[in-house]
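Numbering (the UniProt record's numbering), first residue to last: 1 to 201. No residue lacks a Cβ here, since even glycine has one placed at the ideal position from N, Cα and C. Reading through the structure tokens given below for one structure.
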Amino acid sequence: KADLCQHPILQLRWWKNSFLNLTYSCALFAVIRAKVVGKKPLKDGPFGTMRYTVKQMKMYKGFNKMQHVQHIYTDASESLCGVKFEINKYQYLITGRVYDGKVYTGLCNFNERWERLSLAQKKGINHRYQLGCNCRIKPCHYLPCFVTSKNECLWTDMLSHFGYPGYQSRHYACIQQKEGYCSWYRGMISRDKTIVNTTDP
Numbered sequence: 001k002a003d004l005c006q007h008p009i010l011q012l013r014w015w016k017n018s019f020l021n022l023t024y025s026c027a028l029f030a031v032i033r034a035k036v037v038g039k040k041p042l043k044d045g046p047f048g049t050m051r052y053t054v055k056q057m058k059m060y061k062g063f064n065k066m067q068h069v070q071h072i073y074t075d076a077s078e079s080l081c082g083v084k085f086e087i088n089k090y091q092y093l094i095t096g097r098v099y100d101g102k103v104y105t106g107l108c109n110f111n112e113r114w115e116r117l118s119l120a121q122k123k124g125i126n127h128r129y130q131l132g133c134n135c136r137i138k139p140c141h142y143l144p145c146f147v148t149s150k151n152e153c154l155w156t157d158m159l160s161h162f163g164y165p166g167y168q169s170r171h172y173a174c175i176q177q178k179e180g181y182c183s184w185y186r187g188m189i190s191r192d193k194t195i196v197n198t199t200d201p
């Protein structure tokens, strides 16, 4: 099973549902597509935790930690970065950190209704994003801005949009080439994991 690693869709922080890259350990992440079927408030910690029961449709990442996710944990309050999922309505792409056999998520993680993802994002989750494990996404807030190392991709959605959903993040993947340089690509991946039919944004 191919393991997803570092891509903006899995490295989000500071902006809700943005594609800002911060370095996370790939091994600590779980990525699933699931329908939320129930919730229960738990009285643990000073502010409480919300435990969502999910029906997992597919796991994209986290096989090394668990084979199946039944519950997602988040802070009970949205003001504390807790995530609010609707019950028995939608399938979600859910990302979170695995700790002590549990998946924890928050507003700093990427959680989105499945139908709202672009076709490129859905394909990327299955095929492309694992090729960017050694790449970093560098946000550009205003011009001029430059990459400072060969493993960086310059993210320019912030120049015309406030982060997500920008055209670049919805339709391109930051992928490492054989020479070690990382670049944005849009296209298909052949069986030998080389990029074909690609263009830079």
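With contacts defined as CB atoms closer than 7 Å, Ile72 and Gln56 fail to qualify as a contacting pair. Here Leu117 has Leu93 as same chain residues with Cβ atoms under 7 Å from its own Cβ, once five neighbours each way along the sequence are excluded. Each of His171, Arg136, Thr156 and Val103 was checked against the Cα of Lys61, and the nearest Cα belongs to Val103.
The beta-bridge partner set that DSSP reports for Val98 consists of Val103.
Taking Trp114 as reference, the option from Pro41, Phe85, Phe63 and Asp44 with the minimal CA-CA separation is Phe85. In the structure shown, the three-state DSSP call for Met66 is coil. The Cβ neighbour count for Gln168, taken over all protein chains shown within 10 Å, is at least 16; the residue is labelled buried.
The alpha-carbon of Asn64 is positioned some 15 Å away from that of Thr95.
A distance below 7 Å separates the beta carbons of Asn88 and Val37.
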